[in-house]
Structures are given as structure tokens and as C-alpha cells.
Amino acid sequence: MRLFGHKLSVLAQIGLAVIALNLVMAIFAPLIAPYDQTTVLGDAWADPDAQHWLGLDNLGRDLLSRLIFGARMSIGLALVITALSFFIGIVSGFAAAVAGGWVDQALSRFVDLLLSMPTLIFAFVILSVLGSGLPVLIVTIAVLDSTKVFRLARSVAVGLVSLEFVEAARLRGEGWWWIITREILPNAIPPLTAEFGLRFCFTFLFIAALSFLGLGVQPPDADWGSMVKDYRDMINFGYAAPIYPAAAIAILTIGVNFVVDWMLSIHSRGQGEGA
Amino acid sequence: MEPARRAATPGALWPAGNDGAGSGVGRLILQRSILGVLTLLAASALIFIGTEILPGDLASAILQNQATPENLAKLRLDLGLDKPAIVRYVAWLFGALRGDFGHSLANGRDVLEEITPRFANTMFLAAYAALVAVPLAVGLGLAAAIRQGGVFDRTVNLLTLMTISVPEYFLAYLLIKYVAVDLGWFPSLANVSSDTPFLDRLYYAFLPMVTLVLVIVAHMMRMTRASVLAVMASPYIEMAILKGLTKTRIVLRHALPNALAPIISVIALNLAYLIVGVVVVETVFVYPGLGQLMVDEVSKHDVPVVQACGLIFAATFIVLNMVADILAILSNPRLRQPR
Amino acid sequence: MTSDADNPIVLDVRAMRVAVRTDHGDGPVLVDDVSLQLRRGEVIGLIGESGAGKSTIGLAAMGYTRRNCFIVGGEILFAGSDLRAMSLEQRRALRGLKLSYIAQSAAASFNPAMTLMDQVCEAPIRHGVMGRAEAEAAAVQLFRELDLPNPETIGSRYPHQVSGGQLQRVMAAMAMIGKPEVIVFDEPTTALDVTTQVECLAAFRRLIREHRAAALYITHDLAVVAQIADRIMVLRRGKMVEFGEARRILQEPQDAYTRRLVRERIASLAFVARPESAVPLLEVDGVTAHYAGKPKVIDDVSLTIHRGDTVAVVGESGSGKSTLARVVTGLLTRASGDVRFDGASLAPRLKDRSRDQLRRIQMIYQMPDVALNPQQTLLDVIGRPVAFYFKKTRAGVRARVLELLRQMDLPENFIDRKTSELSGGQKQRVSIARALAAEPDLIICDEVTSALDQLVGEEILRLLKRLQDELGIGYMFITHDLGTVKRIANKVVVMLRGRTVAGGDTASVFAPPYHPYTELLLSSVPEMRPDWLDGVLARRSARASA
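Below, the structure is given as C-alpha cells:
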């Protein structure tokens with residue numbers, strides 16, 4: 189298999205398979221899940237059997253079905269947030285690089301400031317006042333996360349702007365729109381794709397952590413993070429219940445990281461001579 | 024062949040040249056320290072504004088459905104909401120500098136008293152993890168870099184790629200399930216109190232420490248490896264090989280001093296991360312630290328406590344980053360020895 | 035030269051092969067069946083274009099290969115024993131003492147965190163042949179022999195605290211301190227300015243002669259190797275092309291490739307005197323410019339270019355010649371002075387100029403790799419100016435691009451290839467085609483041949499010349515290479531630290547009476563005569579003592 193004109197590594201293939209599987213699970217959850225996610229089917233914490241492979245949960249619902257439906261909220265939310273943060277980050281990053289001067293200075297210093305604080309802590313401060321509604325979560329995390337996209341987009345664009353083919357386009361009299369869409373963007377896509385994977389992992393883990401702490405997705409909605417929280421007490425009685433959703437989170441992020449790692453490695457290939 | 028012109032890179036934080044002979048490093052450190060203080064100030068403002076962006080006002084948010092006109096008015100007066108925001112910010116900031124963070128809205132206790140033992144617990148856990156993680160990560164990173172491409176390197180690379188991807192609570196619950204519950208070697212709850220003896224604390228906090236170590240060692244080790252490899256690929260290392268020096272000498276005398284600055288910043292970055300990672304781990308193990316407190320108070324809308332916790336976390340984070348930058352300046356021979 | 039009996043063979047390379055081997059399988063063969071015997075006191079020059087395998091041979095002679103490269107065949111005998119058969123420890127014991135190496139970039143090859151003295155003395159101390167005090171004394175002695183300033187104290191400095199030319203000589207001291215029997219010089223003067231190059235060359239040669247060391251001298255510049263080598267080996271794509279006495283190779287080359295290398299170097303395109311038209315194409319009048327908040331980079335610079343002129347702007351790095359180009363194009367706003375194009379003053383800033391003004395001044399860059407967008411096809415790159423300035427239809431654009439490709443001697447089926455698939459010389463042709471597509475009156479050529487191999491560069495120059503004859507374009511030709519200037523320019527401006535020190539017709543600027551800096555520059559350009567360096571040094575010392 190090839191991607192971006194390079195041969196995929198074994199790990200990257202595993203990673204892509206994991207991502208595909210998760211997407212299928214999220215999109216076709218009602219078709220795949222053996223039971224409805226809200227129906228009570230028996231006693232709480234019933235042991236796994238042939239009908240219920242992972243057993244029942246704290247309210248007697250099928251755990252496997254809940255996991256499959258949980259993919260929707262977990263992955264969907266992370267994708268929406270990452271997309272929004274990319275939109276904000278790329279637009280402002282490219283604008284800063286292309287405009288330069290005080291626009292660049294103002295945006296860069298503001299981003300420095302936001303990045304000088306731990307994201308989680310800042311999110312806490314905002315959520316403590318605004319509560320954990322979905323729109324609040326989406327906008328807060330997207331804005332906080334876009335600072336990192338801004339930095340990358342700006343540095344990629346600054347690097348490209350100083351290249352001579354962009355200078356040649358400026359000398360020709362091309363407008364900024366042409367320069368950004370035709371000269372810069374096509375060259376910025378490989379690094380930005382890798383960054384999208386990284387940022388997705390980050391927001392996905394971040395949302396899950398907030399939910400786990402009880403500050404993210406609120407009932408009746410559920411994502412994998414809030415499932416870990418709901419089932420956490422059972423660990424002390426020997427049940428593995430919280431480990432299943434946590435493992436689902438871990439498997440997807442490992443898969444994405446395999447692909448991202450491969451993407452980053454194709455950029456650095458061919459360098460590094462020495463001993 | 025004339026060397027290609029190098030493009031000017033705008034936005035560099037530090038001027039590369041040293042115009043004042045001899046005073047270069049001192050001035051850079053002073054500049055960095057001033058920047059640190061300014062950042063801290065701006066961060067405090069951001070935290071304060073963060074709690075001000077509420078549509079409506081703080082008082083109605085706190086009381087929610089128990090809001091009657093009388094107690095709303097009383098609370099507004101208690102919170103000083105009748106004064107303009109800037110006045111309240113300055114009062115809050117100067118209070119914070121004196122250690123006066125106000126009173127908890129949830130139980131009316133003095134915030135500083137509430138926070139102090141919690142902060143000590145968090146620092147204990149973070150220091151515990153750091154003392155184990157830093158030597159382990161740097162050692163593993165160096166070992167992997169020296170054996171680049173070997174079996175050890177590949178194995179460690181794969182393992183760390185997996186552990187950096189994994190949420191802390193996944194590792195934590197695996198540890199609880201298998202080490203605490205099934206094997207019974209360590210307690211699953213790290214419920215220490217102020218009169219717990221030191222050795223017992225180490226024992227109770229063992230699993231939280233291991234969780235944190237697993238998470239940050241992977242990051243730190245990978246970054247250490249990368250920065251050593253970057254140095255090992257430079258022409259002066261090739262020159263050292265061609266001078267017939269031993270591998271040990273090359274690594275210790277030629278590679279390490281130049282990899283030091285990046286390694287230091289990696290360590291500081293990860294210690295800063297530790298401060299945040301601690302929040303989740305404290306919640307999993309019900310460890311009475313600052314992070315757990317902050318999580319509890321966020322859901323209770325207890326703004327004064329949240330502000331105070333936020334400020335302390337942010338300050339720790341900013342100071343660690345500042346120290347990293349200063350150490351990096353000190354370990355850079357180009358800055359230490361001006362032209 | 036003394037007899038062979040006094041000069042035993044110190045290095046004997048027999049049928050050596052070096053190849054790339056990676057996890058993914060075998061790569062190309064970098065060095066194929068190369069043999070040479072180096073005697074004590076002898077210097078063999080290894081010459082060739084990039085990819086010839088010169089550096090690989092130099093490193094392999096020390097028993098070292100870079101990552102993923104392996105010596106896969108032959109023998110490398112040092113004092114009779116095969117480096118390939120030795121243990122790692124035995125090879126290590128030779129390196130830095132018996133075998134030593136001088137790299138191209140001194141700035142990158144010194145450890146930034148150690149003092150020069152520590153690095154120079156490191157090898158003999160670590161190998162246990164000298165004590166610290168003895169090594170330092172030897173180093174100071176070498177610093178003195180190499181004409182370094184303050185030989186007593188320069189050792190306590192850090193690499194970034196001394197200039198490039200000085201650092202290169204310190205590296206020579208580092209190589210010499212173990213009294214090596216074989217020294218490998220790997221393009222040691224390539225990164226230096228010409229005036230600095232002369233000093234370094236002279237110092238290296240004196241050192242080799244006085245210590246009677248044997249040396250492999252690797253370079254791409256025949257004139258440099260002519261000054262220093264007893265024998266020359268010409269290499270191409272990893273294979274030996276010709277090997278013999280230096281004088282014979284330079285005067286009677288046998289192989290066709292060597293003949294081309296030598297001939298291109300001597301060949302000169304005749305000057306063409308051009309009738310001056312009434313209105314100059316470009317007039318730069320007393321221009322001063324600087325980057326924001328920095329001191330002036332160019333100061334009161336003037337020049338005039340007529341239609342059909344080739345005006346060379348010459349200077350060493352930092353002379354402000356590229357900045358002058360940026361001011362003319364409007365990328366950098368001038369602080370004072372005037373730039374007139376076809377009689378009308380050009381706005382200082384790029385965005386205030388009309389589209390037609392932009393069209394009529396085009397630019398070609400030094401590095402074709404970064405001058406072309408790697409994601410675009412040749413049709414995109416060359417066609418864009420056609421579409422942008424002349425509003426042609428798609429079919430019209432394509433037809434014009436094909437015409438330009440023919441003019442550049444590029445195959446027409448390249449039109450849908452991406453620029454990243456082309457070689458360096460082909461990319462530079464595409465850059466020229468892009469400039470021509472705008473149908474300009476003036477083209478600014480910024481070091482257009484200096485990133486290319488010699489023969490490829492010559493072809494580009496010939497192409498530019500032909501286009502000028504056909505189209506009557508004016509060239510502003512920025513370069514540090516006086517050899518090129520003498521051959522293609524009819525007018526010259528010599529720049530030094532942002533100011534013009536000489537200007538006018540090439541013939542008159544390059545004929546006595548010279549400006550002193552022009553003379554220094556001129557006399558520093560290596561010539562193919564093996565006695566050139568002796569002549570320069572003799573004249574300079576005569577002048578100094580007079």
C-alpha cells in the first residue's frame with residue numbers, strides 16, 4: 189500500500205486498519221451493536237455470557253453495545269473539535285505569516301500567552317463558570333487547541349514564504365489568495381495532515397479526560413471517558429469494566445499515532461549521516 | 024560555490040547576536056525572567072477574565088435555582104460584584120500575593136488553608152514521580168540513541184510510542200486491576216493524610232507514581248533520543264570519529280554537552296506536563312491533591328477556589344518553563360562566550 | 035621530486051568498491067574499482083563533479099564510510115596492512131594520528147562547546163602520544179606556521195569566535211598535530227571567499243611540503259588542484275576517468291570528459307561591443323538601503339544597464355550584491371536614491387508597481403530547487419506568467435509553454451512533469467523559461483550557476499548568451515565568480531561592503547590601472563597554470579616588502 193507516494197510501514201497499515209474499524213463502528217453503530225444502548229436487559233453487573241460478551245453495566249445495559257455507541261460521541265466530538273481548531277489555527281496562522289508586522293506580533297504574543305498555561309487548567313477555569321454543555325466544550329477546546337495549530341501553520345507558512353518560488357510569485361504581482369492556495373497550501377498539506385492526526389489524538393484524549401473527571405460529556409449522553417467514570421468503582425471488586433472503554437480510547441490513539449509516526453518519518457528520511 | 028543566502032526568520036524570541044560584550048548571558052537571563060513575570064501577570068488576568076465571561080453574573084450562576092432577589096443581592100455584595108472588574112482584579116491579585124485567596128463559596132473556609140495541605144501532597148507526588156522518571160528517561164534515551172536502529176532501540180521505540188498514546192487512567196486501572204486487586208501488592212486508593220509517615224506515603228503513592236512515570240518517561244525518552252541523534256548526525260561528530268576517539272569519549276565529550284540544552288528543555292516540559300497529568304491520576308487513586316480539589320470545585324462552581332488552584336498550577340508551569348529556558352541559555356556555549 | 039626509494043608508498047588503494055546498502059536492499063555503487071598509490075610527500079588531486087564519489091574515496095581511505103555505505107570490495111593498504119581487515123580498535127588507533135582529515139565546512143566540523151585548543155590537542159592526548167603541555171606547544175607552533183593571528187591565545191577561543199578562513203586553518207593544525215602520514219583534504223576551500231581561499235591554499239601547501247606528508251586533495255575546481263597536486267585523478271560517477279601527472283592532465287588531457295572539463299575552464303566567450311541606445315533600460319542612481327532597524331547594507335550604489343547589456347555585479351559574500359537585486363525588484367524598499375526603468379521612476383515598493391513594470395523585470399535564482407514549486411508541473415510553472423500577463427486561453431498557454439521548452443532544449447513531453455522530478459540543470463532551464471514567458475526586457479540573474487556543476491553551469495551560460503543574441507534582453511548578472519564575469523559581461527560593477535569600488539566596461543575595469551580591491555579579487559581567482567599560486571604569493575610578498 190502507498191500513501192503520499194510512499195510505501196506504508198507495517199505499523200502504519202495496522203494504524204489505518206484501526207482507524208477504519210473505529211470509523212465504521214461509529215457510523216454504523218445501530219447496525220453493528222447487538223442491543224440498544226439504553227435498554228435495561230438484566231441485573232446490574234451481570235457476568236459476561238454468550239448473549240452479552242462483556243456483560244451488563246451498572247444499570248443492566250449491554251456493555252458491548254454501549255461501547256459501540258460510545259464511539260459515535262467520542263470520535264464525532266473529537267473530529268468536530270479538531271476540524272474547528274484547524275480552521276481557526278490555519279486561517280490565523282497563515283494570516284500572521286503572510287501579513288507579518290503588528291498582526292503577526294499581536295497574534296503570536298496572544299498565542300504564547302495561552303500556551304504558557306496548561307490547557308486543562310484553563311479549561312477548568314472556563315468550565316467552572318460556563319458548565320459543561322456540548323457547545324461550550326466544543327468551542328473552548330477548539331480555541332485552546334487552535335493555538336498549537338496556529339504555531340505550526342505559521343511556521344510552515346513563514347518557511348514557505350521565504351522560499352524563492354513564493355518570492356517569484358510575489359514579483360509576478362500575484363495576490364495573496366493565489367499565493368496561499370496555489371503556492372503554499374499544496375506544500376503545507378503533508379505536515380498539516382500529520383499535525384491533524386496529532387491534534388485529533390490530543391482532543392480525543394482531552395475530551396475523554398474531561399468526561400472521566402465528570403466535567404465533559406454529561407448524562408444522558410455518554411462517551412468512552414464518561415463510561416470509565418461510571419464504571420470506575422467496580423474495579424475494586426475485581427471487575428474489568430472501566431478497562432474496556434479505556435482500552436477503546438487507547439487502541440484508537442495508538443492506531444492514529446502509528447500513522448502519524450510514519451508520516452513524520454517520511455519527511456525526515458534521507459537525512460542523518462554519521463557513525 | 025557560495026553558500027546559499029539564508030532567509031530572515033521573523034519572530035525570533037531572542038536576538039542571536041551579543042552587542043554588549045560580556046554581559047550577554049546576564050542580560051538574556053534578565054530578559055527571560057522579566058518575560059516570565061509578565062507572563063505570570065497576564066496568565067492571572069486570563070484566569071480572572073475566564074471567570075468573568077459569564078453571560079449574566081457570577082452570583083446567579085452560583086445560586087442557580089435557589090436565586091431569590093434577596094440572597095442574590097447579598098451574594099453580589101459579598102463577591103464585590105458592584106465594583107468594576109478591574110478593581111476586583113487588582114484586589115484579587117494583591118490578595119493572592121499576600122496569600123489571601125478569599126473564602127470558599129462551598130463551605131466558607133479560607134481558601135489558602137484549604138489549598139496548602141493539598142498542594143503539599145501534589146508536590147510530593149510530582150517530585151516522587153520526577154525523581155524516578157528523569158534518570159530513567161534520560162538513561163533510556165541515551166541508550167537507544169547509541170544503539171540507533173538496533174533491537175533495543177526498536178523495542179523501546181515501539182513501547183514508548185504505545186504508552187504516549189494511552190490515557191493515564193487506562194494505565195492506572197490496569198495497575199489497579201492486576202497489581203492492587205488481583206495481586207494485592209499495593210493499595211488501590213492512595214488516601215494519605217497529613218500524619219501519614221513518610222515511608223507509608225511512599226508506599227501508598229506507589230501506584231500513582233508508577234502511572235505518572237509510565238506516561239512521562241515515554242515522552243521524555245523519545246525526545247532525549249531525538250535530540251542526541253540530531254547532535255550525533257552533525258559533522259563535528261564525524262570529525263571526532265575521524266580523530267580516532269573512542270565511542271564513550273565521543274558521546275560524553277562531544278555529543279552530550281551539545282544535546283544538553285534540548286534535553287533540559289525536554290525535562291522541564293515534561294515536569295510541566297506532570298503538573299497537569301497529576302490531576303487525572305489523583306482522581307483515579309482518590310489522592311488528596313490540588314488537582315482532585317480543583318476538579319471537585321469546578322463542578323460546584325466554587326470560583327475562588329478554582330481561581331486559586333488555576334493560578335498555582337499556571338505559576339508552577341510558567342516557572343518551570345522559565346527555568347528550562349534559563350538553563351538552556353546557560354548551557355549554550357555560543358551565548359556563554361560572546362564574540 | 036626525489037626518487038621513489040626515498041618515498042615509500044604509504045597508501046595503496048586496490049580495486050576499491052563502495053556501495054550503499056540499506057534495510058530495503060542494495061543501493062547504487064558510489065565508488066567502482068578505483069586504485070591509487072600514494073607516496074610519501076606526494077599530493078594526489080581527486081577531481082570531479084557532484085556524485086563522482088570523491089569524498090567517499092577520501093573517507094574510505096581512512097577506513098570510514100558514512101551511514102548505509104559499505105566498502106564492498108578491494109583493499110586499502112596503509113603501510114602494508116589492510117584497513118578493511120583491521121579491528122575497529124586498530125583503525126581507531128590510526129585515525130587522528132597517522133591518517134587525518136580536513137572537512138569542507140570548518141564551522142560545522144568543530145564542536146561548538148569546546149575551545150579550539152581542546153579540540154586541536156584532543157587526538158594526540160587521547161592516543162597517548164603527547165602530554166597536554168607538549169600538545170599545546172605543538173599546536174601553537176602550527177598556528178604560527180599557518181599564519182593565524184595571535185597564535186598564543188587563539189586556542190582559548192570557541193569556534194564561533196573566529197572567522198571561516200581562520201577556522202579552516204585551525205582545522206589544518208588539528209589534522210597536522212599528530213604528524214600524519216596521510217591527510218585527506220575534502221574541498222577545504224570551497225566554502226570560502228576567493229581572497230580567503232588564496233591564503234588557505236598557500237598555508238596548506240607549505241604545511242604539506244614542510245612536513246613531507248602525503249595527501250589526497252579533493253575538489254571540484256581544476257584550477258585549485260593545479261596549484262597543489264603532483265598527480266590528478268579525474269572521476270565521474272564513481273569511476274576513474276583519467277589519472278596522471280598534473281601538468282599532463284591539464285595540458286594534454288586524453289579523455290574526452292577531462293578535455294571538456296579543462297576546455298570549459300579556459301574557454302572564453304568573446305565580448306560583444308553593443309551600440310548604446312539613447313534611453314537606458316535600467317538606471318540605479320545613488321541607492322541606499324537597509325533592513326528594518328539594521329545598518330545600511332548598500333550605500334550610494336549606481337549602475338546603468340542598456341538593452342542587450344550584460345552587467346555583472348561582482349563581490350564577495352556580504353558585499354550587498356543580492357540586496358541590490360532586492361531593491362531593484364522592490365522586495366526591499368530603498369531608503370534613498372532612485373531606480374528608473376525605461377526612463378520612468380519605479381515605485382520603491384513592489385505593490386505600488388504596475389503589472390507591466392513587474393512583467394518587464396524578471397528574476398532567476400541561485401537555487402533551482404527552491405525557486406520552483408515542487409508540487410507544480412512545468413505547464414503550471416511556465417504557463418502561469420503567460421496566463422497572468424497575457425490572458426491567453428488554455429490552448430494558447432500550452433502552445434506557448436511548448437515553444438519555450440523547445441527554446442530551452444527541454445523535451446516537450448516534460449510539460450506535464452512535476453518540477454521535483456527534474457535534475458538541477460533542467461530546473462534552472464525551467465526557471466529561465468518562466469522568466470522568458472513574461473517576455474521581459476531585463477532579467478536579474480542571481481548566482482545562477484553557482485549551485486550547479488561546472489559543465490551544467492557552462493551550458494546554462496551558453497543558453498543565456500544565445501537568448502540575449504536572439505531577444506536583446508538586458509542581464510543584471512550577480513556573481514562572486516570573476517571567471518564567469520570576464521567571459522560573459524560587457525560591463526562590471528565591483529562591490530565591497532555595500533559600496534561600488536569600481537565600474538565600467540569589463541575590459542577597462544579588468545585592465546590596469548586597477549582599483550586595489552579589484553586587483554586583489556582578480557589575482558585571487560585561481561588559474562590553471564600550476565605556478566599561478568607561486569606567482570601570486572611572490573608578487574604579494576614583493577609588494578609587502580617594498
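Residue numbers (the numbering used here), protein chains in the order written: chain W, 189 to 463; chain H, 24 to 362; chain G, 35 to 580. Yeah, the Cβ is synthetic: ideal placement off N, Cα and C, and Gly gets one too. Predicted model, so just to flag it, every value in this text is computed and none were measured.
- Arg272, His277, Pro280 and Asn281: these are the residues of the region 272-284 of chain H whose beta carbon lies less than 7 Å from some beta carbon of chain G, given in chain order.
- Taking the Cβ atoms as the reference, G:Ser558 lies roughly 5 Å from G:Thr229, within the contact range of under 8 Å.
- At a beta-carbon threshold of 7 Å, the residues of chain W lying near H:Pro190 are Leu393, Ala396, Ala397, Ala434, Ile437 and Ala438, ordered along the chain.
- Assignment of W:Leu322 by DSSP, reduced to helix, strand and coil, places it in the helix class.
- Residue state for G:Met529 is assigned as strand, using DSSP reduced to three classes.
- If you check the CB distance, W:Ile431 and H:Leu197 come in under 9 Å.
- Assignment of beta-bridge partners to G:Ala346 by DSSP yields G:Phe511 and G:Val526.
- Under the Cβ distance rule, G:His324 does not count among the residues neighbouring chain H, no pair being separated by less than 9 Å.
- In chain order, Pro185 place their CB closer than 6 Å to the CB of G:Arg178, counting only its own chain and leaving out the 5 sequence neighbours on each side.
- Within its own chain, the residues whose Cβ lies closer than 6 Å to the Cβ of H:Val302, once the five positions on either side in sequence are excluded, are Gly314, listed in chain order.
- With its beta carbon less than 9 Å from one in chain W, H:Thr62 belongs to the interface.
- For G:Tyr135, the secondary structure class from DSSP, reduced to helix, strand or coil, is strand.
- DSSP places H:Lys106 in the coil class of the three-state scheme, outside both helix and strand.
- Unbroken alpha helix (DSSP H) stretches of 4 residues or longer found wholly inside the region 339-396 of chain G: 355-363 and 389-394, given in chain order.
- Think of a sphere of 7 Å around the beta carbon of H:Lys266: the chain G residues whose beta carbon falls inside it are Arg129, Gly130, Glu156 and Ala157, in chain order.
- By the neighbour-count criterion, in which a residue is buried when 16 or more other Cβ atoms sit within 10 angstroms of its Cβ, W:Trp241 is exposed.
- The shortest C-alpha to C-alpha distance from G:Asp515 to any of G:Ile217, G:Gly430, G:Gln138 and G:Gly349 is the one to G:Gly349.
- Each residue's CA atom was taken as its position, placing H:Tyr201 and W:Ile423 some 10 Å apart.
- Taking a cut-off of 8 Å on C-beta distances, the region 183-201 of chain G does not touch the region 532-549 of chain G, as fewer than three cross pairs fall below it.
- Sequence-distant Cβ neighbours of G:Pro314 in its own chain, meaning closer than 6 Å and more than five residues away, are Thr338 and His340.
- G:Ala485 has its alpha-carbon roughly 36 Å from the corresponding atom of G:Lys213.
- According to the DSSP assignment, H:Gly314 belongs to the alpha helix (DSSP H) that extends over Leu313 to Ser322.
- Where G:Phe424 is concerned, there is no enclosing beta strand (DSSP E), although the alpha helix (DSSP H) around it starts and stops at Leu412 to Phe424.
- Counting only Cβ-Cβ distances below 7 Å, G:Tyr98 has contacts in chain H at Ile264 and Leu265, in chain order.
- Taking H:Val309 as the centre and dropping the five residues before and after it, the same chain places the C-beta of Leu212, Ala213, Asn214 and Gln315 closer than 8 Å to its C-beta, in chain order.
- Interface flag for G:Tyr251 against chain H is unset, since no Cβ pair is found closer than 9 Å.
- Distance check between G:Leu495 and each of G:Ile507, G:Arg521 and G:Glu504 places G:Arg521 closest, using alpha-carbon atoms only.
- Closest option to W:Asp300, judged by alpha-carbon separation, among W:Ala208, W:Arg260, W:Leu308 and W:Ser334: W:Ser334.
- Not a single CB atom of chain G sits nearer than 9 Å to the CB of W:Leu196.
- Proximity of chain W to G:Leu392 at the Cβ level (cut-off 7 Å) is accounted for by Leu359, Arg360 and Gly361, in chain order.
- Below the 8 Å Cβ cutoff, chain W contributes no neighbours of G:Thr357, its closest Cβ being approximately 14 Å away.
- For H:Tyr296, the uninterrupted alpha helix (DSSP H) segment begins and ends at Leu279 to Val307.
- 9 Å or more divides the Cβ of H:Glu261 from the Cβ of G:Ala140.
- Here the region 345-356 of chain H does not lie against the region 208-228 of chain G, with fewer than 3 beta-carbon pairs under 8 Å apart.
- Comparing C-alpha distances from H:Thr339 to each of H:Phe142, H:Val174 and H:Leu181 shows the shortest one belongs to H:Phe142.
- Within the same chain, no Cβ atom closer than 6 Å to the Cβ of H:Val342 is found once the five residues on either side in sequence are excluded.
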